[in-house]
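For reference, the structure is listed below as structure tokens.
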Amino acid sequence: MQPDSVASSPTASEPADSPTTAPASAPATADTLTDQTNYLPRRKIISVFLACATVSITGLLDETMVAVALPIMSSDFNAGSQISWVANAFFVTSTSFQLTYGRLSDIWARKATLLVLMLIFFIGNVASSVSKTFIELLVFRAIAGIGGGGLPTIAQVIVSDVVSLRERGKYQGILGISVAFANGVGPVIGGVFASHVTWRWIFWLTLPMTVVSAIMVWFFMPLKPVEGDWRVKVRRVDWLGVALILASSTLIVLSLTWAGSEYSWDSPHVLVTLILGLAIAAAFVVWEWKGPRFPLLPLRIFKNSIVVGAAITQFINGFLTMVQVFYLPTFYQMAYGYSPTKSGAMLLPLTVVQTFTSTFSGLIVTWTGRYRELILIGWAMWSIGLGLLATLKADSPIGKQIGYSILTGIGIGQTFQPSLVAVQGALERKDMAVVTAMRSFARNLGGTIGLAIAGTMINNVLSSRLHSLPSSIITPDQLKAIVNNPVDTATNLAEPLRDDVIDAYRQGFRDVFILLAVLAAFAFFVAAALLKHRNLDRDDDKDLREQGLQFVKELKAAKSRPRRAGDPRKNAAEEKSLSATTTSEADGGRAEKP
Numbered sequence: 001m002q003p004d005s006v007a008s009s010p011t012a013s014e015p016a017d018s019p020t021t022a023p024a025s026a027p028a029t030a031d032t033l034t035d036q037t038n039y040l041p042r043r044k045i046i047s048v049f050l051a052c053a054t055v056s057i058t059g060l061l062d063e064t065m066v067a068v069a070l071p072i073m074s075s076d077f078n079a080g081s082q083i084s085w086v087a088n089a090f091f092v093t094s095t096s097f098q099l100t101y102g103r104l105s106d107i108w109a110r111k112a113t114l115l116v117l118m119l120i121f122f123i124g125n126v127a128s129s130v131s132k133t134f135i136e137l138l139v140f141r142a143i144a145g146i147g148g149g150g151l152p153t154i155a156q157v158i159v160s161d162v163v164s165l166r167e168r169g170k171y172q173g174i175l176g177i178s179v180a181f182a183n184g185v186g187p188v189i190g191g192v193f194a195s196h197v198t199w200r201w202i203f204w205l206t207l208p209m210t211v212v213s214a215i216m217v218w219f220f221m222p223l224k225p226v227e228g229d230w231r232v233k234v235r236r237v238d239w240l241g242v243a244l245i246l247a248s249s250t251l252i253v254l255s256l257t258w259a260g261s262e263y264s265w266d267s268p269h270v271l272v273t274l275i276l277g278l279a280i281a282a283a284f285v286v287w288e289w290k291g292p293r294f295p296l297l298p299l300r301i302f303k304n305s306i307v308v309g310a311a312i313t314q315f316i317n318g319f320l321t322m323v324q325v326f327y328l329p330t331f332y333q334m335a336y337g338y339s340p341t342k343s344g345a346m347l348l349p350l351t352v353v354q355t356f357t358s359t360f361s362g363l364i365v366t367w368t369g370r371y372r373e374l375i376l377i378g379w380a381m382w383s384i385g386l387g388l389l390a391t392l393k394a395d396s397p398i399g400k401q402i403g404y405s406i407l408t409g410i411g412i413g414q415t416f417q418p419s420l421v422a423v424q425g426a427l428e429r430k431d432m433a434v435v436t437a438m439r440s441f442a443r444n445l446g447g448t449i450g451l452a453i454a455g456t457m458i459n460n461v462l463s464s465r466l467h468s469l470p471s472s473i474i475t476p477d478q479l480k481a482i483v484n485n486p487v488d489t490a491t492n493l494a495e496p497l498r499d500d501v502i503d504a505y506r507q508g509f510r511d512v513f514i515l516l517a518v519l520a521a522f523a524f525f526v527a528a529a530l531l532k533h534r535n536l537d538r539d540d541d542k543d544l545r546e547q548g549l550q551f552v553k554e555l556k557a558a559k560s561r562p563r564r565a566g567d568p569r570k571n572a573a574e575e576k577s578l579s580a581t582t583t584s585e586a587d588g589g590r591a592e593k594p
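Spelled out as structure tokens, the structure:
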């Protein structure tokens, strides 16, 4: 038994990879963590699910709205190419903290962790909306990233707590609608606010959404609490692991963000930061292997080929998705002269298809119990769509632009949610939160690296093409301005030079699309080799559903029981008795049927 075990463990007759079964209120001991699995009745699942979807949309809308508004923010702050750090600051912190979310929710409970993250996110966006200087905006966006980065991850963990593995395909697939909705609607809203009102409305909009989400989490999530003294919980946190992963992730992401945009890839700034980050990452791996009782990332999970396959393919998924979401609107503005609003709207066909595909693929997983075929078809379609995007020319009709994007939307929808079911089904329940956070970390890291590499490729092609022009056509100042801000600068150039800039930009995107297509094809072969199929039906699903019904009945009984005013000791005694009764029932192996 690994030290990071849950309160219950498999019996001798269970296979090694069989999930553990925990009682409705199994308390944690010094050497265990509370199993928060709590299968709820359908009507309760719906309320939890709606709350999780609202939380995910709130966090993801923030990211996608900001992306389209960056050029206008740059003008307001006179930030030039530095404006990309508004998005980068959020990504650096959200990626760096990603691995901590899963284990902290194991120790402090899902609801408590989620509410704290929402508070941090709220504070960061309030401060961002009133920023007076560019530095202030960067700092506050970094704070918002600490909270916002964990919202979709914890939402996925909560949905997995309250429904069986096979049913997760359906619910996680529908939850994917929130991702597609944010990716599709966010750029449109951001473009409208930035162009017609003020970019500050982007942050103001998230504030009431965060409040509504917090209210839904507080009142409509009957989740299992994690009992115990707070001092014990503090001691369970792998603080050194937290420090190491935050330092290493921040340095690695920072170096990759600098590379190609701020400094060349072989500059001391990039190399020293990257090497130092990798060295600290190696120290983190050694510490997680030998040190903590409850590691942030138990290395034993990588003995499972499905976990390795999911980590690799989700890294590529994040790489491809972030490049498409962030650069496609810019591509349409440069290559076809679309407005910010129209270029943002061009993402809608992709996201609508992604929404439908994500939902339908989740339903197929629930109906058939199969996920492998969906994932493979998704990667194949994604690779084909990206390859076709690379063939777009200046006179390509809008039908081709939309049609090729639709193919990539099918790929995104079929490779994201089904892989979550695959990786969760490969491990015991005690590892569900950490493997979900690991998957999110891999995807976020892939997205950060993807943005850095894509930006470098486009800038290199643009710089190379412009440097080949005679100085009589383009001055050094013009060249620098075009590389730093091609969208705004190109509109003010004379006709021959503007055509050269647009052609160079289109060539840079062609190279990026080819790279993305190759990566999607590689992910197909990785998935075929490593993402083997596993049975999604668990022997103890029926027992856990019965325990969930009993849990809801006890909550109702506790709420309806009149409290004796003026006698808090008796009220506390009754609550303690209720908890003890639940634990006693659990110790018998299962809750009594209602």
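Residue numbers (UniProt numbering): 1 to 594. Glycine residues also receive a C-beta, built at the ideal position from the N, C-alpha and C atoms. From a predicted model like this one, the values you see are computed outputs, not experimental measurements.
Based on the DSSP secondary-structure assignment, which residues constitute the bridge partners of residue i?
| i | result |
| --- | --- |
| A259 | Y263 |
By alpha-carbon positions, which one of the options ends up nearest to residue i?
| i | options | result |
| --- | --- | --- |
| T32 | S75, R545, D431 | D431 |
| F513 | I482, T321, I410 | T321 |
| N78 | A527, L531, N535, A481 | A481 |
| A243 | K224, L274, I280 | I280 |
| L138 | G102, V92, A180 | V92 |
| N304 | L240, D62, E546, L531 | L531 |
| M216 | K111, N317, T206 | K111 |
| E546 | D35, P41, R510 | P41 |
| R538 | Q424, L392, I306 | Q424 |
| A527 | D499, V307, V226, I83 | V307 |
| E288 | K44, R103, L516, A521 | R103 |
| T58 | T153, S464, A523, I135 | T153 |
| P225 | R534, L297, A517, T34 | T34 |
| I83 | E262, S358, L466 | E262 |
| L388 | A520, G309, L451, D499 | A520 |
| D238 | G145, L297, W230, L70 | L297 |
| A310 | K132, R372, S249, S213 | R372 |
Classify residue i as buried or exposed, calling it buried when 16 or more other Cβ atoms lie within 10 Å of its own Cβ.
| i | result |
| --- | --- |
| residue 648 | As displayed, the chain neither begins before 1 nor continues past 594, which places residue 648 out of reach and without an answer. |
| T21 | Low confidence applies to T21: its pLDDT is 35, below 50, so where it sits in the model is not reliable enough to give any reading. |
| L256 | buried |
| G399 | exposed |
| D266 | exposed |
| T475 | exposed |
| V211 | exposed |
| P208 | exposed |
| L495 | For the sequence presented, residue 495 should be read as Glu rather than Leu. Under this definition E495 is an exposed residue. |
| A442 | buried |
| P397 | exposed |
| G291 | exposed |
| F193 | buried |
| L462 | buried |
| T368 | exposed |
| W85 | buried |
Is the CB-CB distance between residue i and residue j below 9 Å?
| i | j | result |
| --- | --- | --- |
| I107 | R236 | yes |
| A422 | Q98 | no |
| E554 | T366 | no |
| T448 | Q324 | no |
| V68 | G147 | no |
| L392 | A345 | no |
| L350 | I384 | no |
| K170 | V552 | no |
| S105 | V163 | no |
| L445 | F315 | yes |
| S195 | P340 | yes |
Whole angstroms are fine: how far does the CA of residue j sit from the CA of residue i?
| i | j | result |
| --- | --- | --- |
| D503 | P187 | 25 Å |
| A89 | M65 | 15 Å |
| M381 | W258 | 32 Å |
| Y338 | I410 | 24 Å |
| L427 | F302 | 10 Å |
| T355 | V185 | 12 Å |
| L386 | F331 | 14 Å |
| L536 | Q401 | 38 Å |
| L114 | D161 | 14 Å |
| residue 603 | V483 | The requested residue 603 is not part of the displayed model; the chain covers only 1 to 594. |
| L374 | N38 | 28 Å |
| residue 596 | F326 | Residue 596 cannot be examined here, being either before or after the span of the chain that is shown, 1 to 594. |
| A109 | I143 | 22 Å |
Beta-carbon of residue i versus every beta-carbon of chain D: anything under 9 Å?
| i | result |
| --- | --- |
| V242 | Considering every chain present, this structure includes no chain D. It has just one protein chain. |
Is residue i near the ligand MG - that is, is its Cβ less than 8 Å away from at least one heavy atom of it?
| i | result |
| --- | --- |
| L348 | No copy of the ligand MG appears in this structure; indeed no ligand is present at all. |
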